[in-house]
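Notes for the one structure printed next.
Protein chains: 6
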Amino acid sequence: MAQKENHHKVVTFGEVLMRLSPPGYRKLVHSDILEYYFGGTEMNVAASLSRFGVHAQQITNVSDDLVGDAAISVMRGHGIDVSEVNRVPHPLGLYFLETGSGMRASRIAYNRLYGAFAHIRPEMVDWEHILRDADYLHWTGISPAISEGAYQTLKEGLEAANRLGVTVTADPAYRSNLWQYGRNGTEVLRALVANSHILIGGVNEINEILETDFDHSKDGFVSACKQLQDDCPNITKVFDKVRTGLSASWQKVYGHAWTGDEYISGEELEIAQVVDRIGTGDAFAAGVIYGLIHFEDRDTLRFANAACALKHTIPGDANLVSVEEVLEVMKGNTGGRIKR
Amino acid sequence: MAQKENHHKVVTFGEVLMRLSPPGYRKLVHSDILEYYFGGTEMNVAASLSRFGVHAQQITNVSDDLVGDAAISVMRGHGIDVSEVNRVPHPLGLYFLETGSGMRASRIAYNRLYGAFAHIRPEMVDWEHILRDADYLHWTGISPAISEGAYQTLKEGLEAANRLGVTVTADPAYRSNLWQYGRNGTEVLRALVANSHILIGGVNEINEILETDFDHSKDGFVSACKQLQDDCPNITKVFDKVRTGLSASWQKVYGHAWTGDEYISGEELEIAQVVDRIGTGDAFAAGVIYGLIHFEDRDTLRFANAACALKHTIPGDANLVSVEEVLEVMKGNTGGRIKR
Amino acid sequence: MAQKENHHKVVTFGEVLMRLSPPGYRKLVHSDILEYYFGGTEMNVAASLSRFGVHAQQITNVSDDLVGDAAISVMRGHGIDVSEVNRVPHPLGLYFLETGSGMRASRIAYNRLYGAFAHIRPEMVDWEHILRDADYLHWTGISPAISEGAYQTLKEGLEAANRLGVTVTADPAYRSNLWQYGRNGTEVLRALVANSHILIGGVNEINEILETDFDHSKDGFVSACKQLQDDCPNITKVFDKVRTGLSASWQKVYGHAWTGDEYISGEELEIAQVVDRIGTGDAFAAGVIYGLIHFEDRDTLRFANAACALKHTIPGDANLVSVEEVLEVMKGNTGGRIKR
Amino acid sequence: MAQKENHHKVVTFGEVLMRLSPPGYRKLVHSDILEYYFGGTEMNVAASLSRFGVHAQQITNVSDDLVGDAAISVMRGHGIDVSEVNRVPHPLGLYFLETGSGMRASRIAYNRLYGAFAHIRPEMVDWEHILRDADYLHWTGISPAISEGAYQTLKEGLEAANRLGVTVTADPAYRSNLWQYGRNGTEVLRALVANSHILIGGVNEINEILETDFDHSKDGFVSACKQLQDDCPNITKVFDKVRTGLSASWQKVYGHAWTGDEYISGEELEIAQVVDRIGTGDAFAAGVIYGLIHFEDRDTLRFANAACALKHTIPGDANLVSVEEVLEVMKGNTGGRIKR
Amino acid sequence: MAQKENHHKVVTFGEVLMRLSPPGYRKLVHSDILEYYFGGTEMNVAASLSRFGVHAQQITNVSDDLVGDAAISVMRGHGIDVSEVNRVPHPLGLYFLETGSGMRASRIAYNRLYGAFAHIRPEMVDWEHILRDADYLHWTGISPAISEGAYQTLKEGLEAANRLGVTVTADPAYRSNLWQYGRNGTEVLRALVANSHILIGGVNEINEILETDFDHSKDGFVSACKQLQDDCPNITKVFDKVRTGLSASWQKVYGHAWTGDEYISGEELEIAQVVDRIGTGDAFAAGVIYGLIHFEDRDTLRFANAACALKHTIPGDANLVSVEEVLEVMKGNTGGRIKR
Amino acid sequence: MAQKENHHKVVTFGEVLMRLSPPGYRKLVHSDILEYYFGGTEMNVAASLSRFGVHAQQITNVSDDLVGDAAISVMRGHGIDVSEVNRVPHPLGLYFLETGSGMRASRIAYNRLYGAFAHIRPEMVDWEHILRDADYLHWTGISPAISEGAYQTLKEGLEAANRLGVTVTADPAYRSNLWQYGRNGTEVLRALVANSHILIGGVNEINEILETDFDHSKDGFVSACKQLQDDCPNITKVFDKVRTGLSASWQKVYGHAWTGDEYISGEELEIAQVVDRIGTGDAFAAGVIYGLIHFEDRDTLRFANAACALKHTIPGDANLVSVEEVLEVMKGNTGGRIKR
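Which chain is which? The protein sequence lines are W, S, G, U, Y and F, in order.
The opening residue of the first sequence carries number 1 in my numbering; numbering runs sequentially from there.
The opening residue of the second sequence carries number 1 in my numbering; numbering runs sequentially from there.
The opening residue of the third sequence carries number 1 in my numbering; numbering runs sequentially from there.
The opening residue of the fourth sequence carries number 1 in my numbering; numbering runs sequentially from there.
The opening residue of the fifth sequence carries number 1 in my numbering; numbering runs sequentially from there.
The opening residue of the sixth sequence carries number 1 in my numbering; numbering runs sequentially from there.
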């Protein structure tokens, strides 16, 4: 029996980044090699969805050099559709990561502001063609923070999605060290969220977008969601994960959501030995989108949180787990038996 | 002063397997190298006993190629007597392991059903010669599950051992994904255990062999052991370890036993950062056999459990610890001081 | 501008093999890690063609386990179309390689005879569907040597190709250590070549197939080709590479061909520091197929030989070079300048 | 703006050791590579101080071979002043480390007794020149335990420091497996402490030096410090860290001190996943010296303990953290957020 | 006896680049790790001179992040004086390298145009202070090609050098893929060479600067040098190396020079197994500068060519050889005996 | 069929050394890992003979620590009989190696003069017991150069061998940087050779021992051998290899011998890409001893030279080749075909 076809299509828009880090918990100065992965928050979502069997297509710019060749290979390896990726004569964005441990925080140094993705422009992306057979379009707050071109391209994508009936999922994280090209991040994100349907985020993101001051209690979350729906009536649901960090190596996560009608929350999962924290939020987002396709809201939340928890145990940016592995954790099989 | 001679001889019968796994907690797809070890449950017992100073001889088939050459070197390196190992023109069995972490289970893919060991036949093994100076013969439930030849060879070995007064230790784990050559596993194992003297296992194994349904309480264990002695009167003692898995990375183990007269149990040991869980049962079995040679039953149980716990901290299949290191843990020195 | 579409499609049929080798020139016993690649002679052709921008689709069986998952990822990474790959519950074939150096020969140990591909059967492959939009079907003498099922599946593929007007390229190497399932290799290969159109091979292969005894002179080659065309009138052209091995590390290759009308030959290329010899023949075959699509015969031969020579400089099974890099060597730029 | 000049100078005297260890938690026999670092207790202090921006100068002998060349490069890389390091025709001292885990203790094998540092003699060190612009001279109990020459050289250094008004910090750990050249360690250490001003150590060290028997209570510590000040009136303060080892991988540390006037203590910090325990005491000592330069006593203690805790998270001997990272932990930011 | 002081000081001005490359001859896509080095043509010269015992000071900008921290450590490790290096909030320039082999060319992908060094400006460098005790100032044609600020800073440096009597060595390679900020490279380089005293380069560089068309014969070289001296009367000597590349792995080099009075040339050296070709020109330049300090012209040329040849055998950018090792090759000891 | 018994026994006496080297052609300062091997000239001979199927027993001291444990494992892995190895409380000797390339010589730094082997004394070795069933005793000039104890122990061994009719093979290389304990190397070696039967060496060694001045011509060699037989009448044959080093990476070797009656010589073998030159002389010696057991003199010489040539292609100290691989090279199969 041949590989099954994927019947749902999710389009992701965002930067592909190369991540370079010394092995283990080494400092850069104490290692003469670097491990590398290709990731980026939206590509991580695409990779995870593709591993779940969804048709995931990434819209991005990739450098027209040997680094870009490798990025394309890795994306293809995940099963991501790269047929509409542009190759451009600018270097791929990248970052260096020293992985923290215990009370030592991870350190990151970025090199992305003049990279391939920063040079994307609306005329490089044929949204009508890309979205015509899509079910979802996913974006995050990082893309419009990179450059005017990235913002305009995303804006046109959201408009096309709304025209074509494609559901838009938004993870509007505000990253203060970006937004260097002149736009006001808060205004831009508010306008983009207004054109979206599912918010993946919580009180922090809503406060940032609406310039409000809701607290982190359950009531604060519910009030914030209601306020968001008042201000952005296209938004129908909000899915959020809550993290408690005992140390860089010991984390707890649970999900809660506003379904439009009610507040729901899931069990907390504990990761006592974090292997890799990068991409755990993206794993949650991919879990939400997979859940929206296949489950009702409570299971969507549980699936997304289980996916997020599992990502903490996997090196690299992408959540290389199958639907079956996530379901096992949802069922409470967290004792780590050997699957022979 | 030269290396001391080993005065006790233990013979182990079973497959030598190559284990291939990506480093750390990587998925195969995210690593371009694999670490390898040679192991196999009975060879792990032989390796551990050899490191304890016991003369351990492995009876097996090994491929007549470059992989088999390396396996022989590694066995010799452990000090295992390979003088009666057969070299055959079939590939060595192997398996791939993705090491789990936290709530992510380890995954294994086997390639062993047509390997060198599956081709063993009784005429390849001169049991009379091998066992004439042996004290113990150790077998597990995996060997008779591989092939008719492996079963028949083991069967003849147990008969020879009983003729020659060699004590037979049995670890009759039932592995449901084996037993593909036609025999009924339960019947075979029951008959083999009937020819054995020490059972290394517990309620699960006894229920499987006797087709009973004892529970996991202390009373269940004692009743199961008594029933086993009724059905298999050669069995004199039962040693078992009990594992609690908080996650793939966090495990607790303790040992309990039926000495023929009474129930005894030992302190629980906790391993909060599991380095490698493969071979921990084999470390327990080697500890039991070493204890049977040198200690009375309570210390045998404590030694075996300490050996088992230590194995969780050592990469690879074999328990590369000395008697002194096990005794330190038995004494309660578990704080991990540096030995200068 | 988005990635270009591939307008020509080549279908390859054959086993995907995992290759495991110690790094550098180490012996297995002197390394505790193994590097791995996925290859196999037909997949190598597909990978090379895909890197050249051709739509290459591989028909094969891959294990339904973690190893197969990784193989699929790697194939996708090369850009190979895996939409018709079957996943089956048998282990992926594999081999161990100790890379030779100087006068030391490489050593290989195979483990493939009971693997996933050996279990392929005609009903697993919908040749009509697969070949309906294909230009070429490529096979080698290894596939029909693995199992009856592989032979029957290939046989049906060639028949479908001939029905559908797909050009069949054949690399009918006879590997004497295969053919263990009962068929006569010579007869099988002769029948399959009779259903093919382009032979990639030379005097050795023709002598083997026709049971003739042509010598290795130019005249011998021409006579052999003419005899082949007499016996197998579907064959229109023969492309062959000739290797001279000064040592495992120092090789010379040139190509010659019978175009149906005339004998042509190309310049010899010398590789004084062989990095990896595996897959050099497959690189030649891929070069021939690419040439058949884009060039006339002389340039096809030169392109194929340049591709073959370049493969000697690249680790792994696949020829990870672009068309531009091959053309550079064809132009005589073999001095190894740095491309900034 | 150019790199800032360092205005305080600390001189350290002691052996530079090469540390060789298998990666991860491997046993030597299960790894064919070794990671190496250059360290040594006093060099670790110098490296840490240099990373804190202090001018740190190491006085030592280094082998006049390729190993010594590398040691010099690494010292320079840390920013340590090596202008007065002697190169001698004796091998650099070294040790092998198998890193423990959980209840398995780390094992160390030394090779230092006939090395470069053991051959140091007073005439090789121009203390007047070296200390004329120094603020601190740091020594530990290891140096005088190596050889008569090392002892005499240190003794002259302390005398010069006292003449020149340089503050002497002493970490007089008694290592019983050294002291093989004939001197009585207790007498030597007592005489050297009498010429020092700050003691970095606690009840164990004071009992060893004074041949007393104070207990490990708070009162015991205070009484020991007062007794020390009676016997060695140059001593003005005592800084000590207290460690609780739950396992090799799980440790707790807090600092306490006698300021000459009062007992002070700091919060306990917990390291649930120890990455590398070597050099944690040296990180504390470097923190004390940095604190003496920049802070009052309470913050000195807190800074030193935070530095010590952070070292547990960093591979290698040296505490590669900045002042800012230590201050973060002092502020209670121990949840391991990512610093983008 | 302590490390000797360096009595000659050479100042180098240029970018520090991080080089990232897959190990061995791997393509990026076939390796999941990258080796890294810090280099850059002028830093390579500084590193080599420092290893020769010369006081070498690098003037540059380095990123104020974890990558910059590591770069500073590596520079210090070489012994390079970094006291005047600026730390700036822009990423360090970097490049990716796939090392070629045989007829396969190396491929490079740069990411440097918006990096730390591109942001250097004259007011960041106090040339009077830096050059007051310097003997040589070395620059290459890459620095003024990066940005207007780099050009202006270099221009002021040359003016200061001429005021202060510092000898200026120029390696004015014209790199056509740089020079993107608007200046005409030829004009800029000609003006800068006019302010220099020693040219390290040959007919290619002179033709580029003077827009002439001299050929590569001996006469062409001599005529070009004379013309250069006519146009740029400050130039007193020209040192050039001539490379013949049989393949990426097999190279031949010899040096020739115009001493102002006469043409001299040295023996050709052959490197049949190139380990690393990056930085071989910088090794020649460092050899020339070392020779100018210590030798007359013929030995300068021979020393520089031997240094260049040796660099081909050393991984990384810097020529990690001692003066003694270069002198050995100058003496003709090229048979590679083991130095015990 | 079980592993075959070895019927000939060769005893080797000498130091086991750990070799530590950066991977590839790296300098120590440019690698943060070291590869290690256990070797030592006599152990290399034992390892090679054991791989050839001969019973090889090593007499030596090994450190009683984790390094010694690993050495014992590696020796056992080669199949070397370690039953009479002493464990002593002194560190194992070791050396660091930077592998040269091209015209760059390898560099070595030793740390062996106070190691485990230096502490061997005659009473630690029961020569009568060890040699009672031996055919050969092999020694080299390094052992008596280490310490008085090593010399006396060897001296007694030769005496016992002569008493017991064991053939003594001598490789009396004079290493001028050893011999630091007071004896005159020339006198000692001459006396020991006088008690030996086969000399493995040539004009250099004979000139050193006899204080003669024979030249390197064929006549010089023959005259030297005759003189040696005059002075040391126990010597019956002399086997020697002659090396020509084009570079560290390109070597040629051939063997010649004096059989007592005539001069014979063999074909020269060329190694254009040396992988590892350490232990090539030991591979020759092992080949000579194997030849003495199985062949007449001409084939002994050819076998030894082929073994020596093959060792150049294998990483590490030991010649990990089988008799079959050596015979292939003897037959002239030096083109490096792949052995499937």
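C-beta: ideal position from N, C-alpha, C; glycine also.
Hey, is residue i's beta-carbon within less than 7 Å of any beta-carbon in chain U?
{"i": "Gly115(Y)", "result": "no"}
{"i": "Gln3(W)", "result": "Note that Gln3(W) has pLDDT 43, beneath the 50 cutoff, so the model's placement of it is unreliable and the number below is only indicative. Not one chain U Cβ lies under 7 Å of Gln3(W)."}
Can you pull the chain C neighbours of residue i, defined as C-beta to C-beta under 9 Å?
{"i": "Tyr254(U)", "result": "Reference to chain C is not applicable here, since the protein chains of this structure are W, S, G, U, Y and F."}
Cβ atoms of residue j and residue i: under 7 Å apart, would you say?
{"i": "Arg235(S)", "j": "Leu246(S)", "result": "First, the amino acid is wrong: residue 235(S) is Ile here, not Arg. Cβ atoms of Ile235(S) and Leu246(S): not closer than 7 Å."}
{"i": "His30(Y)", "j": "Gly316(G)", "result": "yes"}
{"i": "Lys9(U)", "j": "Asp135(U)", "result": "yes"}
{"i": "Leu210(U)", "j": "Asp231(U)", "result": "yes"}
{"i": "Ala173(W)", "j": "Val193(W)", "result": "no"}
{"i": "His119(W)", "j": "His90(W)", "result": "yes"}
If you measure from the beta carbon of residue i to each beta carbon in chain F, is any gap under 7 Å?
{"i": "Ala70(U)", "result": "yes"}
From the beta carbon of residue i, is the nearest beta carbon of chain G less than 7 Å away?
{"i": "Arg386(Y)", "result": "Here chain Y has residues from 1 to 340 only, and residue 386(Y) is not among them."}
Taking C-alpha atoms, which residue in the options lies nearest to residue i?
{"i": "Glu42(Y)", "options": "Ser63(Y), Ile33(Y), Phe13(Y) and Phe284(Y)", "result": "Phe13(Y)"}
{"i": "Ala224(S)", "options": "Ala191(S), Trp258(S) and Lys241(S)", "result": "Trp258(S)"}
Grab me the residues of residue i's own chain with a C-beta within less than 7 Å of its C-beta, minus the 5 sequence neighbours each way, in chain order.
{"i": "Arg76(U)", "result": "Val82"}
{"i": "Glu5(Y)", "result": "At Glu5(Y), the pLDDT of 43 sits below 50, so the modelled position is not reliable and the matter cannot be decided from this model."}
What residue range is occupied by the uninterrupted beta strand (DSSP E) comprising residue i?
{"i": "His55(G)", "result": "His55 to Ile59"}
{"i": "Arg51(U)", "result": "Note, Arg51(U): premise wrong, no beta strand (DSSP E); alpha helix (DSSP H) at Thr41 to Arg51."}
{"i": "Tyr263(Y)", "result": "Tyr263 to Ser265"}
For residue i and chain W, any beta-carbon pair shorter than 7 Å?
{"i": "Cys308(U)", "result": "no"}
Can you list, in chain order, the residues of its chain with a C-beta nearer than 6 Å to that of residue i? Leave out the 5 residues immediately preceding and following it.
{"i": "Arg107(G)", "result": "Glu98"}
{"i": "Phe284(U)", "result": "Lys241, Ala304 and Cys308"}
Hey, quick one: how far does the alpha helix (DSSP H) through residue i stretch, first residue to last?
{"i": "Arg243(U)", "result": "It is not in any alpha helix (DSSP H) - Arg243(U) instead sits in the beta strand (DSSP E) that spans Lys237 to Ser247."}
{"i": "Ser106(F)", "result": "Taken as a continuous stretch (DSSP letters only), Ser106(F) belongs to no alpha helix (DSSP H), as it is neither H nor E."}
{"i": "Phe284(G)", "result": "Thr280 to His294"}
For residue i, collect the residues of the same chain with a Cβ closer than 8 Å to its Cβ; drop the 5 residues on either side in sequence, then sort them by chain order.
{"i": "Tyr254(F)", "result": "Lys241, Val242, Ser265, Gly266, Glu267, Glu268, Leu269 and Asn305"}
State yes or no: is the C-beta of residue i nearer than 6 Å to some heavy atom of the ligand ATP?
{"i": "Tyr254(F)", "result": "As presented, the structure is devoid of all ligands, the ligand ATP included, so that no description of it is given."}
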